[in-house]
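Data block below; observations after.
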Ligand code: ADP
Ligand code: ZN
Ligand code: ZN
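Residue numbers (my numbering): 6 to 753.
Here it is as structure tokens:
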């Protein structure tokens, strides 16, 4: 056998060793080591054993053969990354900036085998005629334990391992002996948790696609059947039935022996959505999300790898499901900012999906009622194929009637409450008709900030450069909380500066809306849904189900209530303060506000009764409010496009944010100036900063940022590489955390 060498990435997040190291593959391991195998290797002078991933194998040593160390062993509990995912990791490292080790961690959301007791089992190998003979033999030999197990297995051919060693009290020696006699086999694998078993199997829903839906299905599936692999943007109004379209397309793609990944924002991954997939695909579909246990997540990926499931639904990380022959990636609500990772590598699932599809011969379907400006731009210029569903699927349902209330006028009329007169009237009307209402506010907690009304002292977090927010327990205002680091303190009775007892919160949040509803509509039953009421595992689902089941008249919530369930009895949606997200000091704030308003409006009138939407705002003439009120995406896009083109923002220009943190401010300033000087003499790049981040300190770390702008994305990648190289070589960046963010979703 010829000698083989493996290039290995050490599994330590440390820039200095973020390169491959060559090792000799011992002969006895040659058959089992391949690209992606997790191995143990002696590393450094001490030869401590470290974990690493094989990323390449060759016959050529790159340096002195005698000095090349040998791989120690293959990690049993490790999961092999397949070659495609390793190539994807390399793409992520290059495009978004990170260590190779972190990029590998990203493409392998499940890194370890989790041997739950439940997936180990004992199976009987004898048929019934042999059982009697074998029992006789055991009786003769007085092998009581063996006899005990065999008589159980005679009843039930497969018994979970933990039952065998537990209740039946069979030792592992006995099991090994029986395995050697070929009576039983202990299977370590072969049974993987079905996390959706409670949903049952295939059930017909009787829904057949309408003409518009069928045309979209035929286009995408037809292309795929003819070997055309494209990226499609499906622009379908809220309620147009995009889910059924995805299901039908996937059905045809998996009929060709391929698999499907469906990405959904985590909060939209509800019972209702999953149930529809389950009805069609039975146990061929599974889910992935952060609420599954480690073992459950491992099982789902393992089932995918073996082809036991063909469809997986999950958030961003499901993109890395190790399907052997991926055929399609669907990204629902493709405009959602959660598709962008907010920790390094800060990759965008849409771009990585397109890359993965290209590598595995899959197509990509992006779906949204309000496509991201980037995607719509790409669809108009032909990069993506544009498909449209302009009507609601349910013929009885029509788009809601929207009215805009100018809150400045309310103030003039002497209404200082949070509900305009118009909204109040409509609420009274709906409550009397026993129809349901959703009230939407894009902020959580009680108040913007808390201050002393006598001296103006503002309560701030001791660890962050932000003010604290007031929270309730029941109806009692009891604590002040930092939304950035989680710091909490009891709400003081008097101001620490002037001893005044007049301490109060300003601004509005979900809790205040709930409080006001209870005050002004004492008969109404109210549910509230925000970060605070959905901390527990299934609370999100529970609140939505209660509301869908008519257990409450009014649902108050943040953007969370905008996605997911189809509420047929909701005929009024109120947006309490549409402006809250409009002045986030960030080039995407108009887009985000337009999306939220349109999606929220899309909740009304899904059933037989028509719906109404009230948008309360201080800026009724802002284009994003005006176009949202008309539910006119094209008009919004036109305005937004002009604005982005003029001010040079994506998709017309690309932005790279170099974000840096340090616990010493002076050091941080020096580091940021140092990095900025790398780019100062390049006239083709536009530099903004360095400057303090909007929130200049979090968790006792100071934060600064540099923005680089260029029309050519690859130029920015090149600069990122230069910065990475410089930081690695220089001694001056100890204690400084640097991360890169291309076309960021928020300002720093
Ligand atoms: P979207 O995701 O586009 O907002 P959904 O997929 O949630 O829309 O569908 C909206 C509603 O229309 C759902 O209640 C769904 O069951 C229903 N629906 C979709 N397609 C059809 C159809 N062809 N016939 C009848 N009802 C449909
Ligand atoms: Zn005071
Ligand atoms: Zn804090």
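Note that CB positions come from ideal geometry on N, CA and C, so glycine has one too.
Leaving out five residues before and five after residue 195 in sequence, what residues of the same chain have Cβ atoms less than 7 Å from its Cβ? For residue 195, the predicted structure reports a pLDDT of 49, less than 50, and the residue's modelled location is therefore unreliable. A value from the coordinates is still provided. Correct list: empty, nothing qualifies.
- Item | Near ligand 2: residue 505 beta-carbon under 7 Å from a heavy atom | For residue 505, the CB falls within less than 7 Å of some heavy atom of ligand 2.
**Report entry** Burial state of residue 30, where buried means 16 or more other Cβ atoms lie within 10 Å
**Finding:** buried
(message) Which residues neighbour ligand 3 when neighbourhood means a C-beta less than 5 Å away from any of its non-hydrogen atoms? List them by chain order.
(response) 466, 468, 469, 487, 489, 490, 492
**Inside the segment 496–563 only - alpha helix (DSSP H) runs reaching at least 4 residues** = 515–525, 544–553
Margin query: What does DSSP give as the partner residue(s) for residue 47 in the beta ladder?
Written below: In the DSSP assignment, the residues bridged to residue 47 are 54.
Which term fits residue 443, buried or exposed, when burial requires 16 or more other beta carbons within 10 angstroms of its beta carbon? buried
When burial is assigned at 16 or more other CB atoms within 10 Å of the CB, is residue 428 buried or exposed?
buried
ask   = Buried or exposed: which applies to residue 467, given that a residue is buried once 16 or more other Cβ atoms fall within 10 Å of its Cβ?
value = exposed
>> Given a cut-off of 8 Å on the beta-carbon distance, is the pair residue 295 and residue 340 in contact?
In response: no
Check your understanding: Would residue 244 pass as a contact of residue 218 if the rule is Cβ separation under 8 Å?
Key -> no
Would you give the residue range spanned by the alpha helix (DSSP H) that residue 88 belongs to? 88–101
| Spatially closest choice to residue 361 from 514, 379, 324, 387, by CA coordinates | Closest by alpha carbon: 324.
- prompt: DSSP state of residue 646, grouped into three classes?
  reply: Annotated three-state conformation of residue 646 is helix, per DSSP.
Neighbourhood of residue 446 by C-beta distance below 8 Å, restricted to the same chain and skipping five residues each side
If the five residues before and after residue 446 are omitted, its C-beta is found closer than 8 Å to the C-beta atoms of 513, 514, 515, 518, 561, 562, 563, 580, 581, 582, 585, all from its own chain and listed in chain order.
- Please determine if the segment 726–734 and the segment 319–336 are in contact, where contact requires at least 3 C-beta pairs separated by less than 8 Å. no
Sub-8 Å separation of residue 745 and residue 676 beta-carbons
no
Check whether the segment 426–441 touches the segment 634–648, taking contact to mean three or more Cβ pairs, one atom from each stretch, closer than 8 Å. no
- Query: Beta carbon of residue 763: closer than 7 Å to some heavy atom of ligand 2?
  - Reply: Outside the displayed span of the chain (6 to 753) sits residue 763, for which this structure offers no information.
Assuming residue 4 is part of the alpha helix (DSSP H), what are its boundary residues? Nothing about residue 4 can be reported from this structure: the residues present for the chain run from 6 to 753 only.
Problem - With 16 other Cβ atoms within 10 Å as the buried cut-off, status of residue 610 - result: buried
- Message: For the alpha helix (DSSP H) containing residue 227, name the first residue and the last one.
- Response: 216–230
Does the segment 345–365 come within contact of the segment 100–107, defined as at least 3 CB pairs closer than 8 Å? yes
*asked:* Excluding the 5 residues flanking residue 622 on each side, which residues of the same chain have their C-beta closer than 6 Å to its C-beta?
replied: 583, 584, 630
Query raised in the report: residue 577 and residue 616 look like a contact to me (Cβ under 8 Å); what is the Cβ gap, rounded to whole Å?
Result: 7 Å
Give me the DSSP bridge partner(s) of residue 577.
Assignment of beta-bridge partners to residue 577 by DSSP yields 442, 617.
Worksheet item: Between residue 238 and residue 331, is the Cβ-Cβ spacing less than 8 Å?
Response: no
*Starting from the C-beta of residue 1, find all residues in its chain whose C-beta is less than 6 Å away, skip the five residues before and the five after it, and write them out in chain order.*
Because the chain is modelled from 6 through 753, residue 1 falls outside the range shown and cannot be assessed.
Reduced DSSP secondary structure (H/G/I, E/B, other) of residue 629: In the three-state reduction of the DSSP assignment, residue 629 falls in the helix class, which pools H, G and I.
Closer than 7 Å: residue 586 CB and nearest ligand 1 heavy atom: no
- Quick one: does the C-beta of residue 247 sit closer than 7 Å to a heavy atom of ligand 1? yes
Quiz item: How close, in whole Å, do the beta carbons of residue 693 and residue 707 come, if the pair is a contact with beta carbons under 8 Å?
Solution: About 19 Å separates the two Cβ atoms, so there is no contact after all.
inquiry  = Helix, strand or coil, according to DSSP, for residue 665 in the structure here?
reply    = The answer is strand: DSSP assigns residue 665 an E or B state.
Take every Cβ of the segment 73–80, pair it with every Cβ of the segment 28–44, and state whether three or more of those distances are shorter than 8 Å. yes
Task: Of the residues 572, 734, 226, the one placed nearest residue 254, counting alpha carbons only - done: 226
Next on the checklist: Any heavy atom of ligand 1 closer than 7 Å to the beta-carbon of residue 273?
Outcome noted: no
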